[in-house]
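Student: In this note's numbering, the protein residues as written are 211 to 1226.
Built from N, CA and C at the ideal position, the CB exists for glycine as well.
A quick note: this is a predicted structure, and the numbers were derived from the prediction, not measured.
#1: Looking at C-alpha atoms only, which residue of 957, 992 and 889 is the closest neighbour of residue 733?
#2: Let's test the definition: count the other Cβ atoms within 10 Å of the Cβ of residue 446 and tell me whether it reaches 16, buried, or not, exposed.
#3: Can you round the beta-carbon distance between residue 345 and residue 420 to whole angstroms, since I take them to be within the 8 Å contact cut?
#4: Could you tell me whether the Cβ atoms of residue 418 and residue 259 are closer together than 9 Å?
#5: Kindly list the residues whose CB is nearer than 8 Å to the CB of residue 617, restricted to its own chain and excluding five residues on each side of it in sequence; keep chain order.
#6: Between residue 317 and residue 1118, what straight-line distance do the alpha-carbon atoms span, to the nearest angstrom?
#7: Taking all protein chains shown into account, do 16 or more other C-beta atoms lie within 10 angstroms of the C-beta of residue 773, making it buried, or fewer, making it exposed?
#8: Looking only at its chain, what residues have a beta carbon closer than 8 Å to the beta carbon of residue 922, apart from the 5 residues adjacent to it on each side?
#9: Count the other CB atoms, across all protein chains shown, that sit within 10 Å of the CB of residue 375; report buried if there are 16 or more and exposed otherwise.
#10: For residue 631, does the three-state DSSP call read helix, strand or coil?
#11: In the DSSP assignment, the beta strand (DSSP E) including residue 1158 goes from what residue to what residue?
#12: Please report the straight-line C-alpha distance between residue 924 and residue 1147, rounded to a whole angstrom.
#13: In angstroms with no decimal places, state the Cα-to-Cα distance between residue 509 and residue 457.
#14: Can you tell which of 760, 873, 1189 and 1196 has the C-alpha that lies nearest to the C-alpha of residue 1204?
#15: Note down the Cα distance separating residue 480 from residue 636, rounded to an integer number of angstroms.
#16: Pick out whichever of 831, 971, 629 and 742 has its Cα sitting closest to the Cα of residue 915.
#17: Keeping to the same chain, check which residues put their C-beta closer than 6 Å to that of residue 328; ignore five residues upstream and five downstream.
#18: Can you tell me where the alpha helix (DSSP H) holding residue 886 begins and where it ends?
#19: According to DSSP, residue 754 sits in a beta bridge with which residue or residues?
#20: So the candidates are 428, 467 and 439; which of them puts its Cα closest to the Cα of residue 203?
#21: Helix, strand or coil for residue 366? Go by DSSP, reduced to three states.
#22: In terms of alpha-carbon separation, which member of 368, 412 and 1059 lies closest to residue 399?
#23: Return the CA-CA distance between residue 416 and residue 693, expressed in angstroms with no decimal places.
#24: Tell me the residue span of the alpha helix (DSSP H) that contains residue 1001.
#25: Of all the options 333, 615, 240 and 751, which has the alpha carbon lying nearest to the alpha carbon of residue 263?
#26: Quick one: what does DSSP say residue 1163 is sitting in, helix, strand or coil?
#27: For the candidate residues 519, 503, 518 and 520, whose alpha-carbon lies nearest to that of residue 512?
#28: When you compare only the Cα positions, how much space is there between residue 1224 and residue 890?
#29: Mind the definition here: the stretch 945-956 touches the stretch 1051-1067 only if three or more C-beta pairs lie below 8 Å; say whether that holds.
#30: Check residue 1172 in the structure and name its three-state DSSP category.
#31: From what residue to what residue does the beta strand (DSSP E) around residue 833 run?
#32: Determine the DSSP secondary structure at residue 435, reduced to helix, strand or coil.
#33: Where does residue 484 fall in DSSP's three states?
#34: Classify residue 152 as helix, strand or coil using the three-state DSSP reduction.
#35: Which first and last residues belong to the beta strand (DSSP E) in which residue 949 is found?
Below, the structure is given as structure tokens:
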């Protein structure tokens, strides 16, 4: 190895020659260029993005050549696009781990076999730069970098996700110049960057050069003060300079009209200040993100900043923006791209934010590091509250020492690491201090809590008193330092709804509570969102939270046969790994919304409609916006009877003030329709936008409400109601069971199995295999902590034992087969005992009347129902119930009742890790048929759940990736008395009892009707 100072293993050395942290900005040559804010148009900006020469060394110990010299021969090196993560290009090892460090935990030391990436780029400087100071800016390099310019060592920096800026004027020459960078995969900073993500390396964010006047503005801080009634404001601009300058400043409104201007006053040799009074300032908030424009003229440079007037305060445990108590309706967001890793294009950032707007999200926690600075520019413009989080996580310290007492906190307690901790706060705060979207500073994530965090938080509060400071790692259950006076919020992860209720009701709880992570959105989930928000909306001390997390971090790859799929931990031979724990988002890697996001959209909706007097059409409309009335929204309403629209219209006059409500009446009262027809009604109200926005077209649905108005009618019955019910039924016993025939049907019952082996009408068979009772579901990710218990109890291998059967025919138009049975798996005693009575009527319809008793030691069942295997060609599904997408007992607010026509493939929800999916909760009836409408209709005594799929629960259980699923020609239909909910138990509280199938005794009645539906 070449002689090189090993800064990478010394926590006392964080940089060499790095410029002090400053606000993010680009200098421009004139006002029009600054207004356009396209950095590529700046004469003082030169990108170094593009193709670099690159050489990967498996270990820094293999770096034994003088590659950094100005004329070193790198012609044989490969080409690599910067920015990029070198693992996504094919170098090194793709590696996902959550808690555990990927290296031996021996801080500050890292392995001697420390991969190195060597980068070389040649460039020419613009002639306009001849008398300028030249800087190079690296916006993100993981994990540390050594910099040479024209063969001379120019600097070192670590701290992966905040900028590193170096002044390089003295190293540059006229004509050709060469930049050389060595990036190491690991450094002592790796111990502070143990986030739950793919471990990427390289120059993964933008790199560029800046030309500055010899005497220029080095940093800008924009402060504001607002009067108590917000009728006036004062803007204070503080400038740090590298010499004597004469700054002139203009403040312009959103229409680019100048409202204040003047010269900055020199306060000291290197500081200037200007103050402007603004009358009736338009305030910034996430709903109406009004931005002023600030222009600073100094020498040949023009700097432009956006300014949002707003306040953040806490009073008596209540969190407010501009004096208004608000709720943070948030998500956690990683930088993640399915092909580029942590290198995220600008349009990808925009896509994320537009999707969030469409789904009523107003807050983003930048988990667990500052995002690309352009992302915050977009949040200012689009309107999002941002919890800006320092690039700090030491989660693996606990597991490395078996969670011994104090292990988790040891780096935060070690004063030798204090400057490293503080440095991560300093570089975040200084970069992002001028963004109105940033409303909370976060001191990192899951890193213990002791003196270093306290020092970090105290520095932040001293530097910026305008925003509260947050850190969840100080929560009491971590048993860290008890001094939390430096923290302004109480923060929790994955607390249950009951736990946050208790906090809200406890007089000793004086700080606002933020759920910085909750409702783990892994796979088919989350299923407990409504339970949290029912409480959050009611309690002033509960300010909301951020769902974990925004997107699945799958890596798009292909099988040897070219079949695309998303890979996760372990798929690349990486160790240690945490499997598919990175597949835990509300959207897929390519940003397709999961049904969990649709559920979140409904729960976070800005409008809620409550029934007052439904029959008279009176409704209470609640405006949950904090700053906006409802004049930008209209309601489309419709009343349906038997699937037909009986009346519809719009309500346009919705001038309901923010955080208020108002009573509205429909133009046509449903009572008249109920009286006239005697049929039940469905009233559906859709809240839609009036005008087109950057994130949605005009008429976009923000939310809906639906109410069912039952008519006075006889109690429902499952007995056949057709005129052909009296036709005779014959029963013939054969060697393999019973043949039960009628006018146009022939069913076969296997007495050994205690099940129908065939159901047919007019010679068309509707079963491809005998029916069976099913208690197993393919485990969802949120079942991960109960799956082993279910398997130990034999639920995954349960089969039916028939104790006795008998056939009865008291009348010629029906016959009943009674079966006493149990379900159980090997080793264990039976899971349940039951009695099933199968009655065949003259219509060919079959009534299942079942009673079951579940073993007392079974905590709860995944499901109980009847499973049918229907023949190939059974592709059409029609049902009356909730849709159009999947729903479960605790994940069903985003669906609405109606009649739906779909396909078996259309029922399928494609999760990256195959699991239970596609169920429809609360179904009144369904028909599963071939394309000619020949099939089976199902009704139950109470609304039931069902799904139809080309995969069995066992198929889904055994597959680890989508490409491993082999689609069956047959259709598997599950008709469930009940299925347990989905919850968020993969990282949250256990499934609540009320969402479990924990009944020890239950009854289930199901009517199966062979139909040719096009004839009915």
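Tutor: In short, the structure shows the following:
#1: Within the chain shown, residue 733 is the residue found at index 523, counting from 1. Residue 733 has its Cα closest to that of 992, out of 957, 992 and 889.
#2: The residue you call residue 446 lines up with position 236 of the chain shown. Residue 446 should be labelled exposed.
#3: Here residue 345 is taken as the residue at index 135 of the chain shown, counted from 1. Here residue 420 is taken as the residue at index 210 of the chain shown, counted from 1. Sure, about 5 Å apart at Cβ, within 8 Å.
#4: The sequence position of residue 418 within the chain shown is 208, counting from 1. The sequence position of residue 259 within the chain shown is 49, counting from 1. Cβ atoms of residue 418 and residue 259: closer than 9 Å.
#5: Along the chain shown, read from residue 1 onward, the residue named residue 617 stands at position 407. Result list for residue 617: 607, 608, 610 and 611, in chain order.
#6: Numbered from 1 along the chain shown, position 107 holds the residue referred to as residue 317. Numbered from 1 along the chain shown, position 908 holds the residue referred to as residue 1118. About 48 Å.
#7: Counted from its first residue, the chain shown places residue 773 at position 563. So residue 773 ends up on the exposed side.
#8: Mapped onto the chain shown, residue 922 falls at position 712. At residue 922, the pLDDT of 49 sits below 50, so the modelled position is not reliable and the matter cannot be decided from this model.
#9: For the purposes of this step, residue 375 is identified with residue 165 of the chain shown, where counting begins at 1. Classification for residue 375: buried.
#10: Here the question's residue 631 lines up with position 421 in the chain shown. The answer is helix: DSSP assigns residue 631 an H, G or I state.
#11: Here residue 1158 corresponds to residue number 948 of the chain shown, with the count starting at 1. Here the beta strand (DSSP E) through residue 1158 covers 1144-1159.
#12: Locating residue 924 in the chain shown gives position 714, where the first residue counts as 1. Locating residue 1147 in the chain shown gives position 937, where the first residue counts as 1. Confidence at residue 924 is low in this model, with a pLDDT of 48, below 50, so the placement of that residue should be treated as unreliable; the coordinate-derived value is given next. The straight-line gap from Cα to Cα measures roughly 22 Å.
#13: Against the chain shown, residue 509 aligns to sequence position 299. Against the chain shown, residue 457 aligns to sequence position 247. In a straight line, the C-alpha of residue 509 is about 8 Å away from that of residue 457.
#14: Working through the chain shown from its first residue, we reach residue 1204 at position 994. Considering only alpha carbons, the answer is 1189.
#15: Numbered from 1 along the chain shown, position 270 holds the residue referred to as residue 480. Numbered from 1 along the chain shown, position 426 holds the residue referred to as residue 636. For residue 480 and residue 636, the distance between alpha carbons rounds to 20 Å.
#16: As a working mapping, residue 915 is identified with position 705 in the chain shown. Residue 831 is the option with its Cα nearest to residue 915.
#17: Translated into positions along the chain shown, residue 328 becomes position 118. Contacts found: 265, 277 and 392.
#18: Against the chain shown, residue 886 aligns to sequence position 676. Start and end: 880-887.
#19: For the purposes of this step, residue 754 is taken as the residue at position 544 of the chain shown. Its beta-bridge partners are 538.
#20: Lying outside 211 to 1226, the shown extent of the chain, residue 203 is not represented and no answer is given.
#21: The residue you call residue 366 lines up with position 156 of the chain shown. Strand.
#22: Numbered from its first residue, the chain shown carries residue 399 at position 189. Here the closest residue by C-alpha is 368.
#23: One-based indexing of the chain shown puts residue 416 at position 206. One-based indexing of the chain shown puts residue 693 at position 483. Using only the alpha carbons, I get a separation of about 39 Å.
#24: Here residue 1001 is taken as the residue at index 791 of the chain shown, counted from 1. 997-1002 is the span of the alpha helix (DSSP H), which, as asked, contains residue 1001.
#25: If you number the chain shown from 1, residue 263 lands on position 53. Answer by Cα proximity: 333.
#26: Here the question's residue 1163 lines up with position 953 in the chain shown. Note: residue 1163 maps to helix in three-state DSSP.
#27: Locating residue 512 in the chain shown gives position 302, where the first residue counts as 1. The candidate whose alpha carbon is nearest that of residue 512 is 503.
#28: For the purposes of this step, residue 1224 is taken as residue 1014 along the chain shown, with counting starting at 1. For the purposes of this step, residue 890 is taken as residue 680 along the chain shown, with counting starting at 1. Roughly 25 Å between the two C-alpha positions.
#29: yes
#30: The residue you call residue 1172 lines up with position 962 of the chain shown. Helix, per DSSP.
#31: The sequence position of residue 833 within the chain shown is 623, counting from 1. Run containing residue 833: 828-833, per the beta strand (DSSP E) assignment.
#32: If you number the chain shown from 1, residue 435 lands on position 225. In the structure shown, residue 435 sits in a strand (DSSP, three-state: E or B).
#33: For the purposes of this step, residue 484 is taken as residue 274 along the chain shown, with counting starting at 1. It is a strand residue.
#34: Residue 152 lies beyond the residue range present for the chain, which begins at 211 and ends at 1226; the question has no answer from this structure.
#35: To locate residue 949, count along the chain shown from 1; it is residue 739. Here the beta strand (DSSP E) through residue 949 covers 947-951.
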